[in-house]
Each structure stands twice: as structure tokens, then as C-alpha cells.
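Trainee:
In my numbering, the protein residues as written are 208 to 336.
Spelled out as C-alpha cells, the structure:
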């Protein structure tokens, strides 16, 4: 399936296994995706690569996705980068967390990795990013 845009997605997830599958499913779907489970590496990738969108897990030990979103939205250099929360939390809780930290969207892990590329592409294309 051809797509008009090759979205650059930076993924952060504390689970190495989940991260591997998330990045690979996005790459296979035509996204330009990179990922890390390490906050310092995340900062290096963010500064040197300029993603179109950040996909962050919510529950991480070093910093939660909600707190990461708040930090990024509070920095001049990153306030413009769309952030999407990605979690297996119930949709109503995920929606509330996204609104609370000013995230640009959220996606549920419950829908499975097969749904991730289409859901993320739809969110990206329907937004004014």
C-alpha cells in the first residue's frame, strides 16, 4: 500500500521486546522509525534526528510517558513535536492522561501491533501536525 508520507517516528518503551516489535512493525509499514528504551539515548535521538511524531509508552520506570510528554511540551525546542501516548490502559484513562499532559493523541496497545501502523498513520494524517 503506497502512502504519501514517510513519517519519522521516535518510539520509547521500557520493554526491549515490545520496542523491537513496535519499531519493526512500523518499519515494515513504511514509517521511518527508530526506538530506544533508554532516556539518555532518547534525548540523543530527539536532538539529532528530528522526528515527526513521538510514540511513548505510558508506564516506564525511569520517567512515565505522561511526565516525558510534559517535559517535552515545556521545552521550546520540542514543544512543537506531536506526542502520542501508547499503552494498554483502558481508553478512558488513556484519554484522560493524554489530555492532562497535553499529548497530541493516544493509541491503545490492546488493539495489537497489527493495528499500530494504520492507527498511527490515520492519527498523523487527520491531525494538523
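Ideal placement from N, C-alpha and C gives every residue a C-beta, glycine not left out.
Please read these numbers as outputs of a predicted model, since none were measured by experiment.
Expressed to the nearest angstrom, what Euclidean distance is found between the alpha-carbon atoms of residue 297 and residue 267?
Mentor: Along the chain shown, read from residue 1 onward, the residue named residue 297 stands at position 90. Along the chain shown, read from residue 1 onward, the residue named residue 267 stands at position 60. Cα-Cα distance, rounded: 17 angstroms.
Trainee: Which residues bound the alpha helix (DSSP H) around residue 327?
Mentor: Counting from one through the chain shown, the residue named residue 327 turns up at place 120. Residues 323 to 333.
Trainee: Are the beta-carbon atoms of residue 189 and residue 264 separated by less than 9 angstroms?
Mentor: Any question about residue 189 goes unanswered here, given that the chain covers just 208 to 336.
Trainee: Let's test the definition: count the other Cβ atoms within 10 Å of the Cβ of residue 229 and tell me whether it reaches 16, buried, or not, exposed.
Mentor: Position 22 of the chain shown holds residue 229. Answer is buried; the Cβ neighbour count reaches 16.
Trainee: Please list, in chain order, all residues of the same chain as residue 316 whose beta carbon is under 7 angstroms from its beta carbon, the five residues on each side excluded.
Mentor: Taking the first residue of the chain shown as 1, we reach residue 316 at position 109. So the list reads 293, 294, 295, once near-sequence residues are dropped.
Trainee: Within 10 angstroms of its Cβ, does residue 224 collect 16 or more other Cβ (buried), or is it exposed?
Mentor: Within the chain shown, the letter at position 17 stands for residue 224. Counting every other CB atom within 10 Å of its CB across the protein chains shown gives residue 224 a total below 16, marking it as exposed.
Trainee: Run through the segment 227 to 315 for me and flag every whole alpha helix (DSSP H) of 4 or more residues, listed as ranges in chain order.
Mentor: The segment 227 to 315 contains these whole alpha helix (DSSP H) runs: 246 to 256, 272 to 281, 298 to 307.
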